[in-house]
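Residue numbers (the numbering used here): 25 to 315. Remarks on the structure that follows.
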């Protein structure tokens, strides 16, 4: 199985009503508990609010997709996401995305994603000790591909219920503290943020309902997908909701060969995810190196 990798950053033109001290990481697409029509390429899209401050937490994001193909052999893939260039002057959400192929058949899917971030370390006296602490959290969704499922439509997703798959860090200060640990300094990390101890990465509440895909974002995703599958005869048919490609310049997508089960979405997702906990444990056991 191949993972087609394309990562870019987009400034959301929608509105976001979130506190300046909160950083939120969201899986934007696909959506939990949905049934999609088989498609040659499936977009996997993440967003982060308060991106400039979020990047000072040195976030590391990886997702894993496990699929049981109807009448076929189960397989899985994993991928680290690149945050790309973040505009330090913008407080709008920052989007990154990639395309995954081999979604052209019916199947049941589990998408787990894992976020790791760093904050200032504290000694036994509670005072900053010049080092970094690591915090991490894993969550996931379940969805399916079926011949009678809905077409992949980013704008139509705006009308669906609020996102369940979100991870929040509260109380993120603006002031950076200076790192004194020599190993960290040699690796290029010189500052950190003193995040409250209770903000160890957790689920919601989410502001995702205030983040909307607009025509520009949908057009860019559509344009990049068309570049990816051009000449293959395997491009998805355009949705009536997706506008024509915009003139925004984007990096040419590249192919990556690093790629390596769940019931129907009619069942409650939380219950089904609990039954696939071994996947989350395996994902959480990965080694994440940020320094």
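A virtual CB, placed ideally from N, CA and C, is assigned to each residue, including glycine. What you are looking at is a predicted structure, and each value in this text was computed from that prediction instead of being measured.
Query: Distance, residue 75 Cα to residue 109 Cα; Result: 10 Å
Query: Alpha-carbon to alpha-carbon, residue 114 and residue 152; Result: 29 Å
Query: Sequence-distant residues of the same chain with beta carbon closer than 6 Å to residue 145, five excluded per side; Result: 153, 155, 156 and 157
Query: Separation of residue 162 from residue 216, as counted between CA atoms; Result: 23 Å
Query: Separation of residue 148 from residue 106, as counted between CA atoms; Result: 35 Å
Query: The stretch 58–78 in contact with the stretch 121–140 per 3-pair CB rule at 8 Å; Result: yes
Query: From 91, 88 and 119, residue whose alpha carbon lies closest to that of residue 317; Result: Residue numbering for the chain in the displayed model covers 25 to 315; residue 317 lies beyond these limits and cannot be assessed.
Query: Beta-carbon contacts of residue 173 that lie in its chain and below 6 Å, excluding the five residues immediately before and after; Result: 59, 60 and 61
Query: Counterpart residues of residue 84 in DSSP-defined beta bridges; Result: 140
Query: Close-in-space but distant-in-sequence residues of the same chain around residue 197 (CB under 8 Å, 5 per side omitted); Result: 45, 217, 218 and 219
Query: Rounded straight-line distance, which links the Cα of residue 169 to that of residue 132; Result: 7 Å
Query: Buried versus exposed call for residue 244 [16 or more other C-beta atoms within 10 Å across all chains shown]; Result: buried
Query: Cα-Cα separation, residue 239 to residue 181; Result: 13 Å
Query: Own chain partners of residue 80 with C-beta closer than 8 Å, once the 5 adjacent residues on each side are dropped; Result: 200, 215, 216 and 217
Query: Close beta carbons around residue 54, own chain, < 6 Å, minus the five adjacent residues each side; Result: 167
Query: Paired residues, beta bridge with residue 160 - DSSP; Result: 140
Query: Residue 246 - DSSP class collapsed to helix/strand/coil; Result: helix
Query: Spatial distance of residue 213 from residue 203 (CA atoms); Result: 7 Å
Query: Distance CB(residue 87)-CB(residue 77) smaller than 8 Å; Result: no
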